[in-house]
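Sequential numbering of the sequence shown, starting at 1, is according to UniProt numbering.
Note that the Cβ used here is the ideal one computed from N, Cα and C, for glycine as well.
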Amino acid sequence: MERRAAVLAELQAGDAAAGDAVVIAAMRHFRAEAADLAMSDWPSRFWALLLAEPRLRERTPVSLPLDATDNLGELGGGPRAALLLRLAAGLSEGEAAAALGVPVPAYRVALQRALPHGPDGEPDPLAWQRLRDQVQRRIKILSPQRLLALGQARDAVLAGAPEASTAAPAGRSTGRPARSWSRRGLLALLWLLLLACAAAFTATFFWPLDRLLGQQFGGVTVRSLAVAEPPLARYGVEAGLISHPDFALLADPDGLAASTDLDFHAWLAGQAPVDPGLSDEAAPVVDGTEPAADAPGETDALL
């Protein structure tokens, strides 16, 4: 809000300092009336109070002239205010008409007169766009000094400070004493912190650190731990064997003893000779071979 109001007042009055003073005065008047208004009426009432300031009725050349915005001096006060309410304040037709206190058709006529026109007398859309862009650019590049002064003035008005505290001009000279005092205060604080650190470092030579901490320097407190108490209960021998994961092996002592010589028994079985009593009839038949034919004598005996 401060950015748009400052640019509108500057372009309407032609001077940044005069425009900022008007904005601060409008803030003060608006605070006195805001409690009795509905929130929906606040924007139009603020802009109405801003444009009602007598210092906006006489325009001087802009302190930072631009190609398009400086041509606003050729317009009358009413058409110029109607144009700036759309470009700088960003109000709709109804809100702008309410801020000027005129009907919407009358506002449209004033806006039509303020629009840039070409040589043929018709509205020039390119010139309108160029003027709009330059006004928006001026809103965006508003100097930090002006924003700081307007913000401080707004806070003072909301706090109910007297008018003398917010009537200072918005020029660059207002920010220098504050910056110089803040810089001096910062330097003084840094010097105090440096002296405090030096005093604390010097105190360590006169009062050792162990005394400051209330304990002996380098001392280590040693304390033996108490003897561990015996467990409340233990497993019996039988219960321990039953719960052992290898209980089956422990329950067979002979098998456990034989398992220790398992590799020897495997070697011994591999070295044993073939049993000579094994007949050829017991040998398995190889796949793909047919059994031998019976002898003729055996066939005749059967017959």
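Practice problem: Could you have a look at R132 and say whether DSSP puts it in helix, strand or coil? | Solution: In the sequence shown, residue 132 corresponds to position 132, counting from 1. In this structure, R132 counts as helix in the three-state DSSP scheme.
Quiz item: Of all the alpha helix (DSSP H) runs that stay within the bounds of the stretch 73-141, which reach a length of 4 or more residues?
Solution: 77-87, 93-100, 104-114 and 125-140
Quiz item: Where D15 and A199 are concerned, what is the direct C-alpha to C-alpha distance, given to the nearest angstrom?
Solution: As a position in the sequence shown, residue 15 is number 15, starting the count at 1. As a position in the sequence shown, residue 199 is number 199, starting the count at 1. Roughly 55 Å between the two C-alpha positions.
Quiz prompt | Element boundaries [alpha helix (DSSP H), containing V157] | solution = The count along the sequence shown starts at 1 and reaches residue 157 at position 157. That run of the alpha helix (DSSP H) goes P144 to L158.
Quiz item: Beta-carbon separation of V157 and R80 under 8 Å?
Solution: The residue labelled residue 157 in the question sits at position 157 within the sequence shown. The residue labelled residue 80 in the question sits at position 80 within the sequence shown. Taking 8 Å as the Cβ cut-off, V157 and R80 do not qualify as a contacting pair.
Self-check item: Residues near L51 by beta carbon distance below 6 Å, same chain, minus five either side
Solution: Within the sequence shown, residue 51 is the residue found at index 51, counting from 1. Answer for L51: A81, listed in chain order.
Quiz item: What are the boundary residues of the alpha helix (DSSP H) that includes A52?
Solution: Here the question's residue 52 lines up with position 52 in the sequence shown. Neither: A52 is in no alpha helix (DSSP H) and is coded neither H nor E.
Quiz item: Going straight from the alpha carbon of T260 to that of L249, what length do you get?
Solution: As a first step, residue 260 is located in the sequence shown; it is residue number 260 there, counting from the start. As a first step, residue 249 is located in the sequence shown; it is residue number 249 there, counting from the start. Cα-Cα distance, rounded: 12 Å.
Exercise. Can you say whether W267 is buried or exposed, counting buried as having 16 or more other CB atoms within 10 angstroms of its CB?
Key: Along the sequence shown, read from residue 1 onward, the residue named residue 267 stands at position 267. Looking at its Cβ environment, which holds fewer than 16 other Cβ atoms inside 10 Å, W267 is exposed.
Exercise. Taking L111 as the reference, give the member of R132, G78, A149 and I141 with the closest Cα.
Key: Position 111 of the sequence shown, counted from the first residue, corresponds to residue 111. Comparing Cα-Cα distances from L111 to each of R132, G78, A149 and I141, the minimum goes to G78.
Practice problem: Taking only beta-carbon positions, decide if W47 is within less than 8 Å of chain B. | Solution: Any reference to chain B falls outside this structure, which holds one protein chain only.
Practice problem: Measure from the alpha carbon of W128 to the alpha carbon of each residue in Q134, D120, L194 and P116, then state which is nearest. | Solution: Residue mapping note: residue 128 aligns to position 128 of the sequence shown, counting from 1. Taking only the C-alpha atoms, the option nearest W128 is P116.
Quiz item: Taking just the CA atoms, how far does R28 sit from D36?
Solution: By one-based count along the sequence shown, residue 36 stands at place 36. By one-based count along the sequence shown, residue 28 stands at place 28. For D36 and R28, the distance between alpha carbons rounds to 15 Å.
Quiz item: Should L11 be labelled buried (16 or more other beta-carbon atoms within 10 Å of its own) or exposed?
Solution: Numbered from 1 along the sequence shown, position 11 holds the residue referred to as residue 11. With 16 or more other Cβ atoms within 10 Å, it is buried.
Quiz item: Which term fits G19, buried or exposed, when burial requires 16 or more other beta carbons within 10 angstroms of its beta carbon?
Solution: Position 19 of the sequence shown, counting from 1, holds the residue named residue 19. Answer is buried; the Cβ neighbour count reaches 16.
Self-check item: Assigned exposure category for E74 - 16 Cβ within 10 Å defines buried
Solution: Working through the sequence shown from its first residue, we reach residue 74 at position 74. It is exposed - the Cβ of E74 has fewer than 16 other Cβ atoms within 10 Å.
Practice problem: Report the three-state DSSP secondary structure of V23 (helix, strand or coil). | Solution: Position 23 of the sequence shown, counted from the first residue, corresponds to residue 23. Reduced to three states, the DSSP call for V23 is helix.
Quiz item: Do you know how far the Cα of I141 is from the Cα of A88?
Solution: To locate residue 88, count along the sequence shown from 1; it is residue 88. To locate residue 141, count along the sequence shown from 1; it is residue 141. Computed Cα separation, rounded: 13 Å.
Quiz item: Can you tell which of D155, G236 and G90 has the C-alpha that lies nearest to the C-alpha of D133?
Solution: Here residue 133 is taken as the residue at index 133 of the sequence shown, counted from 1. Comparing Cα-Cα distances from D133 to each of D155, G236 and G90, the minimum goes to G90.
Quiz item: Skipping 5 residues on each side, what residues in its chain have a beta carbon closer than 8 Å to that of I139?
Solution: Numbered from its first residue, the sequence shown carries residue 139 at position 139. So the qualifying residues of the chain are R3, R4, V7 and A88.
Quiz prompt | Contacting residues, own chain, Cβ-Cβ under 8 Å from R146 (five flanking each side not counted) | solution = Numbered from 1 along the sequence shown, position 146 holds the residue referred to as residue 146. The residues are A6, A16, D20 and A170.
Practice problem: Rank L190, V227 and L83 by C-alpha distance to the C-alpha of V135 and give the top, closest one. | Solution: Within the sequence shown, the letter at position 135 stands for residue 135. When only C-alpha atoms are compared, the closest one is L83.
Exercise. Output the boundary residues of the alpha helix (DSSP H) element that contains R4.
Key: As a working mapping, residue 4 is identified with position 4 in the sequence shown. Here the alpha helix (DSSP H) through R4 covers E2 to A13.
Quiz item: What separation, rounded to the nearest whole angstrom, lies between the Cα atoms of L150 and T202?
Solution: Locating residue 150 in the sequence shown gives position 150, where the first residue counts as 1. Locating residue 202 in the sequence shown gives position 202, where the first residue counts as 1. Their Cα atoms are separated by approximately 48 Å.
Quiz item: What is the DSSP secondary structure of G171, reduced to helix, strand or coil?
Solution: By one-based count along the sequence shown, residue 171 stands at place 171. At G171, the pLDDT of 44 sits below 50, so the modelled position is not reliable; the number obtained from the coordinates is stated separately. If DSSP states are grouped into helix, strand and coil, G171 belongs with coil.
Exercise. Please work out which residues of its chain come closer than 7 Å, Cβ to Cβ, to E95, disregarding the five sequence neighbours upstream and downstream, and give them in chain order.
Key: Position 95 of the sequence shown, counted from the start, is the residue given in the question as residue 95. Cβ neighbours of E95 beyond the five flanking positions: P43 and S44.
Quiz item: In this structure, does DSSP put L187 in helix, strand or coil?
Solution: Here residue 187 refers to the residue found at position 187 when the sequence shown is read from its first residue. In the structure shown, L187 sits in a helix (DSSP, three-state: H, G or I).
Self-check item: Beta-carbon spacing of W47, A99 below 8 Å
Solution: The residue you call residue 47 lines up with position 47 of the sequence shown. The residue you call residue 99 lines up with position 99 of the sequence shown. Yes, the Cβ-Cβ distance between W47 and A99 is below 8 Å.
Exercise. Under the assumption that A97 contacts Y107 (Cβ atoms under 8 Å), give the Cβ distance between them as a whole number of angstroms.
Key: Along the sequence shown, read from residue 1 onward, the residue named residue 97 stands at position 97. Along the sequence shown, read from residue 1 onward, the residue named residue 107 stands at position 107. About 4 Å; that satisfies the 8 Å criterion.
Quiz prompt | Whole-Å CB distance - A26 paired with E53, under 8 Å assumed | solution = Looking up residue 26 in the sequence shown gives position 26. Looking up residue 53 in the sequence shown gives position 53. About 6 Å; that satisfies the 8 Å criterion.
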